[in-house]
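Trainee: Numbering (my numbering), first residue to last: 283 to 687.
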Amino acid sequence: MTHFDNLETRSANDRARDLATALPAQIARAQALAGYAGRLDGVDAAAIKDAAALAGLPVLRKSEIGTAQAGQPPFGGFTMRPASGFAYVFQSPGPIYEPGGIEHDWWRMGRFLHACGIGKGDIVQNCFGYHLTPAGMIFESGARAVGAAVLPAGTGQTDLQVTAAHDTGVTAYAGTPDYLKIILDRADEMGVKLGITRAAVGGGALFPSLRAEYAERGISCLQCYATADLGSIAYESAAMEGMIADENVIVEIVTPGTGDPVPDGEVGEVVVTTLNPDYPLIRFATGDLSAVLPGTSPCGRTNMRIKGWMGRADQTTKIKGMFVRPEQVAALVARHEEVVKARVIASRSGEMDVMTVQIESAGGDADAYGASVAEVLKLKGKVEVVAPGTLPKDGLVIEDQRTYD
Numbered sequence: 283m284t285h286f287d288n289l290e291t292r293s294a295n296d297r298a299r300d301l302a303t304a305l306p307a308q309i310a311r312a313q314a315l316a317g318y319a320g321r322l323d324g325v326d327a328a329a330i331k332d333a334a335a336l337a338g339l340p341v342l343r344k345s346e347i348g349t350a351q352a353g354q355p356p357f358g359g360f361t362m363r364p365a366s367g368f369a370y371v372f373q374s375p376g377p378i379y380e381p382g383g384i385e386h387d388w389w390r391m392g393r394f395l396h397a398c399g400i401g402k403g404d405i406v407q408n409c410f411g412y413h414l415t416p417a418g419m420i421f422e423s424g425a426r427a428v429g430a431a432v433l434p435a436g437t438g439q440t441d442l443q444v445t446a447a448h449d450t451g452v453t454a455y456a457g458t459p460d461y462l463k464i465i466l467d468r469a470d471e472m473g474v475k476l477g478i479t480r481a482a483v484g485g486g487a488l489f490p491s492l493r494a495e496y497a498e499r500g501i502s503c504l505q506c507y508a509t510a511d512l513g514s515i516a517y518e519s520a521a522m523e524g525m526i527a528d529e530n531v532i533v534e535i536v537t538p539g540t541g542d543p544v545p546d547g548e549v550g551e552v553v554v555t556t557l558n559p560d561y562p563l564i565r566f567a568t569g570d571l572s573a574v575l576p577g578t579s580p581c582g583r584t585n586m587r588i589k590g591w592m593g594r595a596d597q598t599t600k601i602k603g604m605f606v607r608p609e610q611v612a613a614l615v616a617r618h619e620e621v622v623k624a625r626v627i628a629s630r631s632g633e634m635d636v637m638t639v640q641i642e643s644a645g646g647d648a649d650a651y652g653a654s655v656a657e658v659l660k661l662k663g664k665v666e667v668v669a670p671g672t673l674p675k676d677g678l679v680i681e682d683q684r685t686y687d
């Protein structure tokens, strides 16, 4: 397969030369924004030409953007345009607001879809959400960049998903790793044969057992690493050796809580600087753990590789493709005066994510707690009411019991 563009196969010298031009310009853009006031003061933008120089700048955390947005809505002074100057304004849990554009592949997802073998002649069943959060539009933009048609399916209504996939001749899937299995299993129950042969997944862990099941069904499944704020960060190719960094971001792996780069191969927090001129994010801490994978990919792409998602640097956890944050758990507790504390547990049942919310209370209405869980956490889950003093006193409000072997 030919590569998406010549950027993917640049030499180390060419990539360094291009970065030495693009990165100072991005730092200068950020310095002109109110959101970076006091953060980049006195920095000589012209001197920030590579990742080593970048490491001397402060790390920006999502919570800081949320605080800034509360004082200067909706984007906190971190964008080059006002909200009315963008094509989209999204709201992610928090709430955190993100901009979006219709300019060519604004989130850079086309590179990943191309690596999946998706292009002209394909119809992509896009099962990422289109409501408030940007994932649906991120993947639709990528499909447009590679010339594929889109069935904007979202989630739910599985029977209709199966029927639409069959009737329209869907050839590729985009969505969370486990939702495709729901569609395929339901298609089998309905006696409907689907033509899906490629899957581009994200928003959750792709377990080896699930990838193997898809392969047995004749579906090549690759995963990407992307966020609502940054767009594409890294992606798999057919070589399936780690994830290749996107060409328009600088990825660092740092010691959590310090921002200091760790030696290659050591696990640390993923910190990303984007070269998107509309939304300059400088050393944005993702809260995810990964490690640099030495060498280059056998597929011929020459950018740095990371080992993929290896857990969270904080308690914020992705369940069913959605982030659940400690502050949301606190808001859940605050809704009910009789509730002492709560604990969210992420687990697996078969190949599916399961969320259980343990509520420590002397009583209360379990149905009311369930309604609050759905409203505050933006996900439905099993609710267990336990007696006061039952939950562990270990400081955890979100516990991830899933394994990624």
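Beta carbons: idealized from backbone N, C-alpha and C, even for Gly.
Contact criterion: CB-CB distance below 8 Å. Does I465 meet it with respect to chain C?
Mentor: As a matter of chain content, chain C is missing from the structure shown, which is built from one protein chain.
Trainee: Applying the criterion that 16 or more other CB atoms from any shown protein chain within 10 Å of the CB defines a buried residue, is Y370 buried or exposed?
Mentor: That one is exposed.
Trainee: Run through DSSP, which three-state label would N585 get?
Mentor: Looking at N585 - three-state DSSP - the assignment turns out to be coil, as it is neither helix nor strand.
Trainee: Inspect the beta-carbon positions of P580 and E523 and report whether they are closer than 8 Å.
Mentor: Yes.
Trainee: In terms of residues, what are the limits of the beta strand (DSSP E) holding L571?
Mentor: Run containing L571: F566 to S572, per the beta strand (DSSP E) assignment.
Trainee: Would you call the segment 609-627 and the segment 635-646 in contact, with 3 or more CB pairs under 8 Å?
Mentor: As far as the Cβ criterion goes, the segment 609-627 touches the segment 635-646, which means the pair count is three or higher.
Trainee: Let's see if you can read the secondary structure: which residues bound the alpha helix (DSSP H) around R625?
Mentor: It is not in any alpha helix (DSSP H) - R625 instead sits in the beta strand (DSSP E) that spans V621 to S631.
Trainee: For Q439, count neighbouring Cβ atoms within 10 angstroms of its own Cβ and tell me buried if that reaches 16, exposed if not.
Mentor: When all chains shown are included, Q439 counts as exposed.
Trainee: In the DSSP assignment, find the unbroken beta strand (DSSP E) run with T540 in it and report its ends.
Mentor: Here T540 belongs to no beta strand (DSSP E), and DSSP marks it neither H nor E.
Trainee: Is it the case that the segment 476-484 contacts the segment 498-512, given that we only count it when at least three CB pairs across the two stretches are under 8 Å?
Mentor: Flag = yes, the segment 498-512 and the segment 476-484 touch.
Trainee: Apart from the five residues just before and just after A435, which ones in its own chain have a Cβ nearer than 7 Å to its Cβ?
Mentor: Taken in chain order, the residues that qualify are Q407, N408, C409, Q443 and A446.
Trainee: With the cut-off set at 8 Å, would you say R468 and D441 are in Cβ contact?
Mentor: Cβ atoms of R468 and D441: closer than 8 Å.
Trainee: On the DSSP bridge assignment, give the partners of Q373 in chain order.
Mentor: Beta-bridge pairing links Q373 to Y379.
Trainee: At which residues does the alpha helix (DSSP H) containing F421 begin and terminate?
Mentor: That run of the alpha helix (DSSP H) goes A417 to V428.
Trainee: Can you tell me whether DSSP reads G457 as helix, strand or coil?
Mentor: DSSP places G457 in strand when its eight states are reduced to three.
Trainee: Are the Cβ atoms of D460 and M634 separated by less than 8 Å?
Mentor: Yes. Within cutoff.
Trainee: Would you call K344 buried or exposed, if buried means 16 or more other Cβ atoms sit within 10 Å of its Cβ?
Mentor: It counts as buried.
Trainee: Pick from E346, I532 and S519: whose alpha carbon is nearest that of A334?
Mentor: Looking at the Cα atoms, I532 is the closest of the given residues.
Trainee: By Cβ distance below 7 Å, which residues in the same chain neighbour P306 in space, the five residues on each side in sequence not counted?
Mentor: Result list for P306: A327, A328, I330 and K331, in chain order.
Trainee: Whole angstroms is fine: what's the gap from G646's alpha carbon to E620's?
Mentor: About 7 Å.
Trainee: Going along the chain, which unbroken runs of the alpha helix (DSSP H) with 4 or more residues stay wholly within the segment 461-486?
Mentor: Runs of the alpha helix (DSSP H) inside the segment 461-486: 461-472.
Trainee: What whole-angstrom Cβ distance do S572 and I535 have, given they're in contact under 8 Å?
Mentor: Correct: roughly 6 Å between the Cβ atoms.
Trainee: Along the chain, where does the beta strand (DSSP E) that runs through S643 open and close?
Mentor: S643 -> beta strand (DSSP E) spans M634 to S643.
Trainee: So, are the CB atoms of P416 and G392 less than 8 Å apart?
Mentor: No, these two residues do not count as a Cβ contact at 8 Å.
Trainee: Strictly by DSSP, which residues pair up with E666?
Mentor: According to DSSP, E666 bridges with Q640.
Trainee: Mark I384 as exposed unless 16 or more other C-beta atoms lie within 10 angstroms of its C-beta, in which case mark it buried.
Mentor: Exposed: under 16 other Cβ atoms inside 10 Å.
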